[in-house]
C-alpha cells in the first residue's frame with residue numbers, strides 16, 4: 013500500500029487557550045493529507061475530475077483517536093494510506109507523528125461520486141481498477 017507523508021508546523025492559531033491543538037484542525041489536516049495522498053499517486057483532484065468524470069470524494073464518516081497533545085511550534089508528520097477499498101468507497105488512515113510518538117490516529121471513509129443523470133444531485137460510482145492500483149501497487 014502506498015503511504016505518503018506530509019509535514020505540518022503547528023502555528024499559534026492552531027491552538028486553543030490550553031496551548032494544545034484545537035481538535036478540528038486535525039480533521040482539516042487529515043482532509044488536506046488525503047488530497048496530498050492522491051497527488052502523490054499521480055492523481056491530483058483536477059486530473060481525477062477530468063480523467064474519470066467525477067466531482068470528488070466526499071467524506072461519509074470520520075473519527076480520530078487522540079493519544080498525545082501537540083502544541084504551538086511542534087513539527088508533526090502525517091502518514092496517510094488507503095487501508096481498504098469498497099465498490100465506490102475507500103477507507104483512509106492517517107497517523108500523526110510527533111517525532112517517534114504517535115499523537116493522533118485519524119480515520120475517514122470517502123465515496124467517489126459523479127453528478128446524477130439529471131444533474132440535480134450526486135451518485136456514487138465504482139472506483140476504477142487503475143485508480144485502485146495506484147494505491148495498492150496491484151497492476152493486474
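In the numbering used here, the protein residues as written are 13 to 152.
Note that the Cβ used here is the ideal one computed from N, Cα and C, for glycine as well.
Bear in mind the structure is a predicted one, so any value in this text is a computation, not a measurement.
Asked, Found
"Cα-Cα separation between residue 88 and residue 48, rounded to whole angstroms", "15 angstroms"
"Proximity below 8 angstroms, CB of residue 40 to CB of residue 90", "no"
"Simplified DSSP state of residue 152, which is helix, strand or coil", "Note on residue 152: pLDDT 45, under 50, position unreliable in the model; no value is reported."
"The region 107–117 touching the region 57–71, judged by at least three CB pairs closer than 8 angstroms", "no"
"Cβ-based burial, residue 160 [other Cβ within 10 Å; buried from 16]", "This structure leaves residue 160 out entirely; the chain is present only between 13 and 152."
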